[in-house]
Amino acid sequence: MAIIKGFFIFATDLIFNHRLKIDLMKKIKYSHLVLIPLLWLTSCKTAMSVSEVKPYENISIASSIPSDGEMDMLIQPYKKEMERQMNTKISYTPVELTKTGDNSNLGGLLADYTYEGADVWAKQNLKQNVDAAVINIGGIRSTIGKGDILLKHVFEVMPFENEVVIVKMKGKDLLGMFDYYAETQKNNPVSHLFLETNKGKVTKGLVNGKELDLGKDYYIVTSDYLALGGDNMWFFSKGELISTGIKLRDLFIEKFKQNPEVKAPNDVRLIFNN
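In full-length UniProt numbering, the protein residues as written are 1 to 274.
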């Protein structure tokens, strides 16, 4: 994974320090001038002013820009290594993994992986089991076809740098989560959680197969995005956020590697009755 991160840092430095400074200034047509307006800066001590104003050109960056052979040669070894790693097989799925429906197999699988990874961390660091997991369907950006699962597929599914977060919540505050699902009827994947709703009301809610205990402390696994109110999940704000430092994508990669053949879940976890 280090070579992938190193490639992006290396390529970015080359592009902006080599290509834009040398090649682009010579080969790209300039558009209209943009003058930087004169600014007067004041502080509590000595008044300051801009003593010089320089004109700059807008530069259009387009696919028509000729390639730079020297830069291409510099990047090529890193590009080849990145492509080699990205095309590495890490698992296999006998069925297509999709995100459609209220109980998608890809959504359920990733929610289970999130739960399992956080549970291991919680046992080691909190001496505590986690109770359930919630992730957002919108964060799953692609599907995985039947066959070999390559490293690049996980990057396509999860291109974001979201982290695994555990939220410690009272049972009474978890009612906000139940109400969220009842009102939105959104198919955000869950693990170790069952919800059934009817006309915007919760008719059945189970955490780890048990009814909610309003006075109990629950440890709910999610992403930092959702824990901070993303997708309007403001109910998490009533809990205590515990950072794990684990990237969701890294966790998914490790879980796929640990499972040479994926067994996608097909159980029903969300039921929305209108």
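Even glycine gets a Cβ: it sits at the ideal position worked out from N, Cα and C.
Just so it is clear, the structure is predicted and the values come from calculations on it, not from any experiment.
#1: What first and last residue would you give for the beta strand (DSSP E) that runs through I242?
#2: For G200, which of M177, S243, K79 and R249 has the nearest alpha-carbon?
#3: Which residue's Cα is closest to the Cα of N273: N232, Q85 and K204?
#4: Does the count of Cβ pairs from the region 53-69 and the region 218-235 closer than 8 Å reach three?
#5: Pick from K152, D179, N232 and L214: whose alpha carbon is nearest that of K81?
#6: Considering only the beta carbon of each residue, do E116 and V167 sit closer than 8 Å?
#7: Tell me which same chain residues have a C-beta within less than 7 Å of the C-beta of D213, skipping the five on either side of it?
#8: Using a threshold of 8 Å, state whether the C-beta atoms of N103 and L270 are closer than that.
#9: Strictly by DSSP, which residues pair up with D148?
#10: Which residues share a DSSP beta bridge with F272?
#11: Within 10 Å of its beta-carbon, does I61 have 16 or more other beta-carbons around it, so buried, or fewer, so exposed?
#12: Indicate whether T143 and L193 have their beta-carbon atoms separated by less than 8 Å.
#13: Is V202 closer than 8 Å to D179 when the C-beta atoms are compared?
#14: Whole angstroms is fine: what's the gap from G101's alpha carbon to E161's?
#15: By the 10 Å Cβ neighbour count, where 16 or more other Cβ atoms means buried, how is V34 classified, buried or exposed?
#16: What is the DSSP secondary structure of M177, counted as helix, strand or coil?
To lay it out plainly:
#1: The count along the sequence shown starts at 1 and reaches residue 242 at position 242. In the DSSP assignment, I242 falls within the unbroken beta strand (DSSP E) covering E240 to K247.
#2: Here residue 200 refers to the residue found at position 200 when the sequence shown is read from its first residue. Minimum Cα distance to G200 is reached at M177.
#3: Sequence index remark: in the sequence shown, residue 273 carries index 273 (1-based). It is K204 whose Cα lies nearest to the Cα of N273.
#4: At 8 Å Cβ cutoff, the stretches do not touch.
#5: For the purposes of this step, residue 81 is taken as residue 81 along the sequence shown, with counting starting at 1. Correcting the residue type first, residue 81 is Glu in the shown sequence and not Lys. When each option's Cα is compared against that of E81, the closest is K152.
#6: Residue 116 sits at position 116 when you count from the first residue of the sequence shown. Residue 167 sits at position 167 when you count from the first residue of the sequence shown. Cβ distance not < 8 Å, so E116 and V167 don't count as in contact.
#7: Numbered from its first residue, the sequence shown carries residue 213 at position 213. Correct list, in chain order: G171.
#8: Position 103 of the sequence shown holds residue 103. Position 270 of the sequence shown holds residue 270. Yes, the Cβ-Cβ distance between N103 and L270 is below 8 Å.
#9: Stepping through the sequence shown from its first residue, residue 148 is reached at position 148. Residue pairing from DSSP places D148 in a beta bridge opposite Y92.
#10: Walking along the sequence shown from the start, residue 272 turns up at place 272. In the DSSP assignment, F272 forms a beta bridge with T197.
#11: Position 61 of the sequence shown, counting from 1, holds the residue named residue 61. So I61 ends up on the exposed side.
#12: By 1-based counting over the sequence shown, the position of residue 143 is 143. By 1-based counting over the sequence shown, the position of residue 193 is 193. Contact: no.
#13: For the purposes of this step, residue 179 is identified with residue 179 of the sequence shown, where counting begins at 1. For the purposes of this step, residue 202 is identified with residue 202 of the sequence shown, where counting begins at 1. Going by C-beta atoms, D179 is nearer than 8 Å to V202.
#14: Translated into positions along the sequence shown, residue 101 becomes position 101. Translated into positions along the sequence shown, residue 161 becomes position 161. Linking G101 to E161 through their CA atoms gives a straight-line distance of about 25 Å.
#15: In the sequence shown, the residue the question calls residue 34 occupies position 34. Unreliable positioning characterises V34 in this predicted model, as indicated by a pLDDT of 37, which lies under 50. A coordinate reading is not provided.
#16: Reading the sequence shown from its first residue, position 177 is the one you call residue 177. In this structure, M177 counts as helix in the three-state DSSP scheme.
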